[in-house]
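Beneath this line is the structure, given in structure tokens, with notes to follow.
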Amino acid sequence: MGASYLAVGWNRQKKIYDWLIFGFCVLYLATFVVLTAIFNPDYTFETVLIRATSTLAVIILHVILSIGPLTRINKKFLPLLYNRRHLGVTMFCIILVHGSFSILQFHSLGNENPFVSLFTSNTHFGSLADFPFQALGFFALIIFFLMAITSHDFWLHNLSPKVWKTLHMFVYLAYFLVVMHVMLGVIQYETNPVFIIIMLTGSFTLITLHLIAGTREVKKDNVIYKLKQDGYVLVCDIKDIQEDRAKMFCVDAERIAVYKTGGKLFAVNNVCKHQNGPLGEGKVIDGCITCPWHGYQYLPQNGQSPPPFKEKVSTYDVKIEGTHVWLNPKAYAEGTERPGAVISVVNAE
Amino acid sequence: MNNEEFYIGWMGEAPKSFVTWIRKYLIVLLPVIIVLGVLLALSQKKFGTGTFEFGTLTEVKGIYFNKPVPNIKVVDGKNIFGNESYITVPLIGFGKHGADGVIADLEKEKNISFEGKEITLKGTLLYNDGKLLMQVDGNDKPLVNVSGANINSVGLQNTKELGIIEVKGEIVDPKCFFGVMKPGEGKPHKDCAIRCILGGIPPVLKVTDEKGNQNYYLIVGANGEKMNEAVQDYVATPVEINARAVAYGDWIVLYVHPNGLQRYSYIQQHFGNKTASCGVACLK
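Line order of the protein sequences matches chains H and A.
In this text, residue positions in the first sequence follow our numbering: the first is 1, and each later residue adds one.
In this text, residue positions in the second sequence follow our numbering: the first is 1, and each later residue adds one.
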């Protein structure tokens with residue numbers, strides 16, 4: 001979290017992360033290129049480059065898409081999430097090499113503009129066997145390009161979190177395009193089943209991870225709170241919430257985080273303004289609710305980021321009766337100060 | 001997880017338990033990456049053995065003919081009767097272009113027709129599987145010499161009618177297939193082959209027999225006209241061709257009958273139309 005924009009706010013963790021990305025990429029490329037050269041002495045540089053970069057990019061894409069559900073399943077994966085955009089930009093650079101060389105190789109030096117050639121050479125859009133798969137890869141590349149150039153927080157703030165998040169959810173469309181690009185392209189040429197097995201295993205793993213993570217979320221969202229009075233619903237016992245931590249409740253389609261800190265309970269909207277991170281899984285640090293995804297912070301009593309930051313989330317009323325915590329799901333305007341509920345000495349013990 | 005442990009990316013250090021966990025994840029990921037690299041590299045189809053002598057210009061002397069495709073007949077020795085034998089070297093242009101433009105420019109420059117004349121051209125050779133082709137690029141100043149007089153070309157053409165044949169195979173562009181690209185065939189190369197053929201490179205039918213041996217046929221229309229545009233929808237896909245075959249020295253030329261070029265479906269051929277229709281319906 002920073003008050004001004006830097007290209008990259010380097011710290012030790014980011015440097016380690018990027019060195020690891022670099023090391024893994026070099027290791028993969030070296031393995032692929034050296035083995036191809038040894039076992040295929042008739043190889044051509046262009047083809048090896050196109051294949052090495054494409055396979056590496058597909059592997060990185062699977063890693064990227066698995067990080068989200070993995071962090072939902074186990075929070076220990078959060079360090080992978082924090083700098084995920086570095087992985088995304090790396091993947092885009094690699095896939096740009098693949099795309100550029102492919103367009104150069106297959107469409108340049110002809111009687112047509114290479115980009116026109118891409119869409120007019122093979123026009124069998126109605127045939128699975130002959131489908132012009134390169135166009136699918138091109139559209140995926142465009143999506144990755146838009147995501148890479150808007151990956152910085154500058155764009156997140158200027159496009160608005162909603163637009164930014166929507167744009168970046170297109171990664172799933174891009175993934176579908178990539179899968180079809182592979183299935184309708186190289187898979188139809190190569191005879192070794194290894195390619196299709198790896199591709200299907202990757203897709204199956206991603207779908208499974210998303211289903212597991214999604215099911216957990218849905219379970220939380222579907223909890224029904226039966227006891228209601230004066231607009232409040234009974235959500236839990238005070239002891240269910242740890243000090244400086246929260247529990248998330250979904251009431252009337254509102255995801256609300258109830259925090260216990262400084263002898264009080266506070267309720268704020270669960271969705272972080274940065275990238276929709278789950279504030280309810282955060283922690284109070286230096287008196288601020290801290291988002292587990294990227295460390296964005298909010299004051300528990302009013303949902304406002306401490307100055308000079310300007311992010312705000314909605315606040316809610318919460319009350320304590322006996323040891324029971326009651327929550328009113330009616331949201332106050334973002335940044336509205338609420339008194340919170342005082343935890344009596346008896347309950348605090 | 002300990003309540004005290006909380007990961008924040010902008011802090012210098014990650015909590016120990018997070019570091020340990022990510023270390024374990026990376027230890028698992030490392031062999032996965034290596035295994036994937038090994039598997040993918042070793043599972044690729046063997047690269048073709050074609051050669052494109054990129055950057056090397058070779059002078060070739062022979063008799064030029066414009067039909068069935070631009071080519072020069074080059075003396076290859078003598079046959080058992082003591083007569084000179086020739087190999088046919090189809091000519092192609094730079095990039096994804098045929099040689100017609102370059103040859104036309106040279107003829108215009110010299111103000112003569114090269115047809116049937118002895119000519120020395122400088123270009124880049126590409127070859128594979130017993131076939132030799134040459135790229136002539138206007139930027140290389142490809143014309144070294146051309147004789148003024150016509151050679152008696154009747155014997156040189158050495159054509160022989162082989163009758164009507166039906167063959168199944170894949171249409172490729174010979175420039176990529178015989179040397180420039182690997183692979184120069186199949187689905188990944190389809191767009192490139194189409195662009196090359198639309199650019200004037202003569203289409204070639206590659207036919208693989210039951211033993212895996214490959215034969216190559218130049219494709220032209222029934223009257224010897226170019227079929228480059230007509231084959232666009234049939235490139236890099238299984239096709240069946242009904243044509244008059246004519247041996248042209250060491251190449252066979254297919255003079256394709258009208259409607260003699262059809263897509264070929266293995267399923268349709270072996271299991272009949274009903275099965276094929278059912279398959280298509282299932283796919284849909």
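Every residue, glycine too, gets a C-beta built ideally from N, C-alpha and C.
Predicted model only: the values in this text are computed from it and were never measured.
Can you give me the Cβ contacts of residue i inside the same chain, cut-off strictly under 6 Å, excluding the 5 residues immediately before and after it?
i: A/Pro203; result: Ile171, Ile197, Ile219, Val231
i: H/Phe170; result: Ile143
Exposed or buried, residue i, counting other C-beta atoms within 10 Å across all chains shown (16 or more means buried)?
i: H/Val251; result: buried
i: A/His189; result: buried
i: A/Glu109; result: exposed
i: A/Lys46; result: exposed
i: A/Gly224; result: exposed
i: A/Tyr234; result: buried
i: H/Arg12; result: exposed
i: H/Ile212; result: exposed
i: H/Gln242; result: exposed
i: H/Ala7; result: exposed
i: H/Asp244; result: buried
i: H/Lys273; result: buried
i: H/Val258; result: buried
i: H/Asn83; result: buried
i: H/Lys260; result: buried
i: H/Leu104; result: exposed
i: H/Pro300; result: buried
i: A/Val28; result: exposed
i: H/Phe22; result: exposed
Should residue i and residue j be called a contact, given that it needs their Cβ atoms to be closer than 9 Å?
i: A/Pro68; j: A/Val253; result: yes
i: A/Gly9; j: H/Pro79; result: yes
i: A/Leu30; j: H/Phe204; result: no
i: A/Gly148; j: A/Lys117; result: yes
i: H/Met248; j: H/Asn270; result: yes
i: H/Leu327; j: H/Ala267; result: yes
i: A/Gly221; j: A/Val256; result: yes
i: H/Phe32; j: H/Val48; result: yes
i: H/Ala246; j: H/Glu281; result: yes
i: H/Ser314; j: H/Thr336; result: yes
i: A/Ala247; j: A/Lys160; result: yes
i: H/Leu209; j: H/Ser54; result: no
i: A/Lys216; j: A/Asp76; result: The identity of residue 216 of chain A in the sequence shown is Tyr, whereas the question assumes Lys. Their beta carbons are not under 9 Å apart, which means A/Tyr216 does not touch A/Asp76 by this criterion.
i: H/Ile198; j: A/Leu205; result: no
i: H/Lys264; j: H/Ile207; result: no
i: A/Lys182; j: A/Ile92; result: no
Measure how close the beta-carbons of residue i and residue j come, nearest whole angstrom, since I'm counting them as under 8 Å.
i: H/Ser151; j: H/Val97; result: Contact doesn't hold; Cβ gap of about 18 Å is too wide.
i: H/Lys14; j: A/Ser17; result: That pair is no contact at about 20 Å.
i: H/Leu177; j: H/Leu118; result: About 14 Å separates the two Cβ atoms, so there is no contact after all.
i: A/Gly123; j: A/Asp105; result: Between A/Asp105 and A/Gly123 the Cβ distance is about 14 Å, and since that is not below 8 Å, they are no contact.
i: H/His324; j: H/Asp237; result: 6 Å
i: A/Leu125; j: A/Glu53; result: 5 Å
i: A/Gln262; j: A/Val239; result: 7 Å
i: A/Leu143; j: A/Leu121; result: 7 Å
Leaving out five residues on either side along the sequence, give the residues of the same chain with a beta carbon under 7 Å from the beta carbon of residue i.
i: H/Met29; result: The sequence shown places Leu at residue 29 of chain H, not Met. Around H/Leu29: Ala52, Leu56.
i: H/Phe131; result: His124, Phe125, Leu184
Return no unless some Cβ of chain H is closer than 9 Å to the Cβ of residue i.
i: A/Asp309; result: Missing from the structure shown is residue 309 of chain A; chain A here goes from 1 to 284 and no further.
i: A/Pro188; result: yes
i: A/Trp10; result: yes
i: A/Ala14; result: yes
i: A/His257; result: no
i: A/Ile241; result: no
i: A/Tyr25; result: yes
i: A/Tyr127; result: no
i: A/Met181; result: yes
i: A/Thr58; result: no
Any beta carbon from chain A within less than 9 Å of residue i's own beta carbon?
i: H/Leu20; result: yes
i: H/Gln304; result: no
i: H/Ala257; result: no
i: H/Pro79; result: yes
i: H/His98; result: no
i: H/Pro339; result: no
i: H/Pro308; result: no
i: H/Val179; result: no
i: H/Leu27; result: yes
i: H/Leu35; result: yes
Here's a check: name, in chain order, each residue in its chain whose Cβ is nearer than 8 Å to the Cβ of residue i, leaving out the five neighbours to either side.
i: A/Ala236; result: Glu170, Ile171, Val172, Glu185, Gly186, Lys187, His189, Lys190, Ala193, Ile194
i: H/Leu146; result: Leu167, Phe170
i: H/Gly303; result: Val268, Asn269, Lys312, Val313, Ser314, Thr315, Glu334, Gly335, Thr336
Any beta carbon of chain C sitting closer than 9 Å to that of residue i?
i: H/Val186; result: Absence of chain C from the displayed structure is noted, the protein chains being H and A.
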